[in-house]
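Protein chains: 2
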Amino acid sequence: MNFGDKELFELASYLESKREQINTYLDQCLQDVPGSSRLVAAMRYSLMAGGKRLRPLLCLAGAEAVGGKPENFISTACALEMIHTYSLIHDDLPAMDNDDLRRGKPACHIAFDEATATLAGDALLTMAFQTLSSIEHIDKHYALKWLSVLNRISRAAGYQGMIEGQMRDIDAESTPLNRDALEKLHQLKTGALIEASVYCGGFLGGGSREQLDRLQTYAGCIGLAFQVKDDVLNVEGDPAILGKEVGTDEIRKKSTYPSIIGLEPSKSFARQLVNRAIQALESFNHRSDPLRAIAEYIIERQR
Amino acid sequence: MNFGDKELFELASYLESKREQINTYLDQCLQDVPGSSRLVAAMRYSLMAGGKRLRPLLCLAGAEAVGGKPENFISTACALEMIHTYSLIHDDLPAMDNDDLRRGKPACHIAFDEATATLAGDALLTMAFQTLSSIEHIDKHYALKWLSVLNRISRAAGYQGMIEGQMRDIDAESTPLNRDALEKLHQLKTGALIEASVYCGGFLGGGSREQLDRLQTYAGCIGLAFQVKDDVLNVEGDPAILGKEVGTDEIRKKSTYPSIIGLEPSKSFARQLVNRAIQALESFNHRSDPLRAIAEYIIERQR
């Protein structure tokens with residue numbers, strides 16, 4: 006796609022072509038496995054279940070925004086999706102959120118069984134780090150840069166990031182949260198990995214310190230907007246489009262933006278956040294259009 | 006410890022001093038966490054439950070054997086223990102092996118709960134890769150070497166290594182295995198990470214191609230010997246020393262070396278493997294004494 010001509014930029018086709026590249030790469034990652042391991046079948050089942058691919062898209066768009074070549078960072082982008090997918094598989098387990106449906110299909114532990122789902126999650130997480138450290142894809146002079154990307158992603162995904170967020174999310178089913186605690190929960194559970202996705206794209210793409218700071222602001226805003234929109238969809242979304250049940254937050258008495266500040270204020274808050282995200286990109290040129298488009302997509306999406 | 010004077014080498018004190026260094030490092034890894042997260046408490050509970058620390062010991066001894074300085078690789082060694090600990094937490098879960106006791110204490114999901122144990126396992130796995138990629142500990146000129154160590158460990162721990170081994174182990178409860186299939190299962194489940202531990206120590210320590218090949222042979226033999234001994238201990242071990250129940254393999258009708266080739270032949274097989282491991286180190290000097298000592302320990306251990 007030619008981003009030189011802004012008029013030609015079309016979100017839908019950009020997202021589609023990038024998603025295709027991401028899906029092709031992910032598909033290949035699990036292709037060279039001999040035998041018919043149930044483990045690999047379960048990994049593939051969840052990985053190829055047709056997610057939005059938001060994190061890899063953000064990574065590629067982050068690289069593009071600072072003038073980098075997204076195609077050089079497809080492996081990093083896809084590793085982020087492996088981490089995201091593992092977290093969904095484990096979150097859906099009976100001992101966790103106990104969700105039977107994911108992306109319109111039976112959750113991994115329903116399609117297979119609990120043990121297989123647990124292991125498939127473990128294996129996708131491990132495969133992410135295997136992918137991030139595959140030195141054959143790496144320009145040898147930048148090994149330190151890749152190590153630091155891997156470190157950044159592991160921190161975002163770990164006990165001071167995503168996993169702590171999920172822990173708090175589980176606890177929140179029994180204890181109501183105030184707005185600050187809810188925001189912190191979301192920042193950990195979803196925000197940290199979304200921020201790492203944009204940041205690592207920008208960092209690998211050669212962004213300046215100032216550009217990276219702006220990308221962080223952008224990512225912080227859309228990460229939270231994404232979660233507010235998720236809460237909104239859980240109230241008024243269409244289960245057929247969403248691919249999962251709605252109204253579950255209320256049944257579980259979970260604190261959400263709609264439950265704390267109301268439905269309409271939640272929608273305006275999400276809109277404000279997206280505006281703030283786009284504002285943070287002011288000094289970037291047309292190459293940041295994909296990031297702008299993704300920000301809009303985040304609150305317009307119906308799934 | 007001065008390895009220059011072979012006569013002075015004492016296994017017990019070597020293992021103890023190294024174990025102490027490993028425990029100190031692991032303890033520090035979870036020290037800088039603010040608040041009182043249940044997640045971190047569960048991670049610490051399992052990580053500091055007093056394991057044998059076999060994998061980190063093998064990594065340090067592997068470095069030592071080729072003339073490297075083990076103290077430079079303590080973070081790598083400890084990352085291996087984090088991976089091992091996560092695998093134990095997940096293996097003990099009700100949907101997996103459903104073991105209530107581990108290292109003489111309630112398993113993580115008993116001491117906490119299933120959701121917390123699942124997340125603590127996830128978090129330890131992620132922390133291993135965070136530790137392996139901590140660039141402040143890394144000599145910048147060797148970043149590529151560290152990346153390749155990380156890659157090697159992720160492959161050993163992943164869907165073509167340890168996790169596939171656990172998948173087969175679960176399946177083996179319903180389907181009897183022949184000796185070849187059992188050996189392959191063990192090679193995946195335990196062998197792969199043990200081999201990676203020795204290899205990475207030797208590789209980081211600056212071992213030659215030939216030395217690394219010999220270390221691999223050594224590791225392959227002791228990895229299998231370890232598992233054969235485990236099977237033997239499940240038949241005739243003392244639960245009080247072992248810290249877990251015995252006789253469970255028979256109850257679960259699991260294929261084991263004793264069940265396939267008999268108890269006494271299993272013991273001689275383990276001894277043969279250890280002899281073969283020690284033979285592989287013939288051309289190494291006294292600096293490989295710790296590896297020799299660990300090999301002996303593996304079949305003499307009572308827990």
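Just so you know, the sequences run in chain order A and B. Count the first sequence with our numbering and you get residues 6 to 308, in order. Count the second sequence with our numbering and you get residues 6 to 308, in order. In this text, a Cβ means the ideal position worked out from N, Cα and C, and glycines have one as well.
| Check | Outcome |
| --- | --- |
| Minimum C-alpha distance to residue 191 of chain A - residue among A/127, A/262 and A/141 | A/262 |
| Sequence ranges, beta strand (DSSP E) only - wholly within the stretch 80 to 143 of chain B, length at least 3 | none |
| Segment contact flag, the stretch 291 to 308 of chain B with the stretch 17 to 25 of chain B, C-beta cutoff 8 Å, min 3 pairs | yes |
| Buried or exposed (CB count within 10 angstroms, at least 16 for buried), residue 288 of chain B | exposed |
| Residue 287 of chain B in three-state terms, based on DSSP | coil |
| Where residue 71 of chain B falls: helix, strand or coil (DSSP) | coil |
| Nearest-angstrom Cα separation, counted from residue 47 of chain A out to residue 113 of chain A | 7 Å |
| 8 Å Cβ cut-off: residues of chain B touching residue 378 of chain A | No answer is possible for residue 378 of chain A: the residues shown for chain A start at 6 and end at 308. |
| Short Cβ contact (8 Å threshold) for residue 200 of chain A with residue 224 of chain A | yes |
| Own chain, CB closer than 6 Å to residue 122 of chain A, minus 5 neighbours either side, in chain order | 94, 113 and 114 |
| Status (buried if at least 16 other CB within 10 Å, exposed otherwise) for residue 53 of chain A | exposed |
| Assigned exposure category for residue 156 of chain A - 16 Cβ within 10 Å defines buried | buried |
| Closer than 8 Å at the beta carbon, the chain B residues around residue 48 of chain A | 164 |
| Contacts around residue 248 of chain B, its chain only, beta-carbon distance under 8 Å, and the 5 residues preceding and following it disregarded | 106, 107, 108, 109, 110 and 308 |
| Residue 258 of chain B, buried or exposed, once every other Cβ within 10 Å from all chains shown has been counted against 16 | exposed |
| Burial state of residue 68 of chain A, where buried means 16 or more other Cβ atoms lie within 10 Å | buried |
| Contact residues within the stretch 123 to 139 of chain B, judged by C-beta distance below 9 Å to chain A | 123, 124, 125, 126, 127, 128, 129, 130, 131, 132, 133, 134, 135, 136, 137, 138 and 139 |
| DSSP three-state assignment for residue 225 of chain A, whether helix, strand or coil | helix |
| Chain A contact for residue 169 of chain B (CB, 8 Å cutoff) | yes |
| Neighbour-count burial assignment, residue 60 of chain B, 16 or more Cβ in a 10 Å radius | buried |
| Assigned exposure category for residue 256 of chain B - 16 Cβ within 10 Å defines buried | exposed |
| Test: residue 145 of chain A CB closer than 8 Å to a CB of chain B | yes |
| Positions along the stretch 170 to 186 of chain A whose CB lies within less than 9 Å of some CB in chain B | 171, 172, 173, 175 and 176 |
| Beta-carbon separation (whole angstroms), residue 86 of chain A vs residue 137 of chain A, contact threshold 8 Å | The pair is not a contact, with the Cβ atoms about 12 Å apart (cut-off 8 Å). |
| Chain-ordered neighbours of residue 251 of chain A on chain B, where CB pairs are closer than 9 Å | Here the premise fails: no neighbours, minimum Cβ distance about 23 Å. |
| Between the CA atoms of residue 234 of chain A and residue 152 of chain B - distance to the nearest angstrom | 38 Å |
| Member of B/120, B/89 and B/220 whose CA lies at the smallest distance from the CA of residue 294 of chain B | B/220 |
| Residue 28 of chain A (DSSP reduced to helix, strand or coil) | helix |
| Integer-rounded CB distance, given that residue 253 of chain B should sit under 8 Å from residue 168 of chain A | At roughly 30 Å, the Cβ-Cβ gap does not stay under 8 Å, so residue 168 of chain A and residue 253 of chain B are not in contact. |
| Cα-Cα separation between residue 148 of chain A and residue 265 of chain B, rounded to whole angstroms | 48 Å |
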